[in-house]
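What follows is one structure encoded as structure tokens, with my remarks underneath.
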Amino acid sequence: MKGACVGACLFEGWAKDEAQALAILEQGEVNFIPCHHVNAVGPMGGITSASMPMLVVENVTDGNRAYCNLNEGIGKVMRFAAYGEDVLTRPSAGCAMC
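Heads up, the sequence shown is in numbering that gives the first Met the number 0, so the first residue is 0 and it goes up one at a time.
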């Protein structure tokens, strides 16, 4: 999960490298909330951040919505703590369907 948090900091542009991302995280500059507090589900031990693409599922019968970020596919992915340049810059970063 720590690596996924570093990846999210880099993906969002909050940090320029791993050391800066770790400092931001360790200093409490990132607010963490459980995904279910915002009607969302998360990717295993992964992290969802503000700019990651999301699926919105609308229940038209009951009028509620739920959210889920998109699967990045297989191999090196942020949800499994990969955050190298190849992961962060590929067209599907944060999304397997983009």
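Quick reminder that beta carbons are idealized off the backbone N, C-alpha and C, glycines included.
W47 versus A22, Y66, D85, residue with shortest Cα-Cα distance: Taking the first residue of the sequence shown as position 1, residue 47 is located at position 48. According to the sequence as given, residue 47 is Thr; it is not Trp. Of A22, Y66, D85, the smallest CA-CA separation from T47 is found for Y66.
Neighbourhood of N38 by C-beta, 8 Å cutoff - its chain only, sequence neighbours within 5 removed: The residue given as residue 38 occupies position 39 in the sequence shown. These residues qualify, in order along the chain: N63, R64, A65, Y66.
Nearest candidate by alpha-carbon position, reference E28, set Q19, C34, G41: Here residue 28 refers to the residue found at position 29 when the sequence shown is read from its first residue. Per the Cα distances, Q19.
N-terminal and C-terminal residue of the beta strand (DSSP E) that L9 is part of: Position 10 of the sequence shown, counting from 1, holds the residue named residue 9. For L9, there is no enclosing beta strand (DSSP E); the enclosing alpha helix (DSSP H) has its first and last residue at 1-11.
Contacts around A95, its chain only, beta-carbon distance under 8 Å, and the 5 residues preceding and following it disregarded: On the sequence shown, residue 95 is found 96 positions in, with the first residue counted as 1. Residue placement at A95 cannot be trusted, given a pLDDT of 44 that sits under 50; the coordinates are not used to answer.
Boundaries (first-last residue) of the beta strand (DSSP E) holding L54: Along the sequence shown, one-based indexing puts residue 54 at 55. 53-58 is the extent of the beta strand (DSSP E) around L54.
Collapsed DSSP secondary structure at V29 in the structure displayed: The sequence position of residue 29 within the sequence shown is 30, counting from 1. Of the three classes helix, strand and coil, the one that applies to V29 here is coil, per DSSP.
Endpoints, beta strand (DSSP E) assigned at Y82: As a working mapping, residue 82 is identified with position 83 in the sequence shown. In the DSSP annotation of this structure, Y82 is not part of any beta strand (DSSP E), being labelled neither H nor E.
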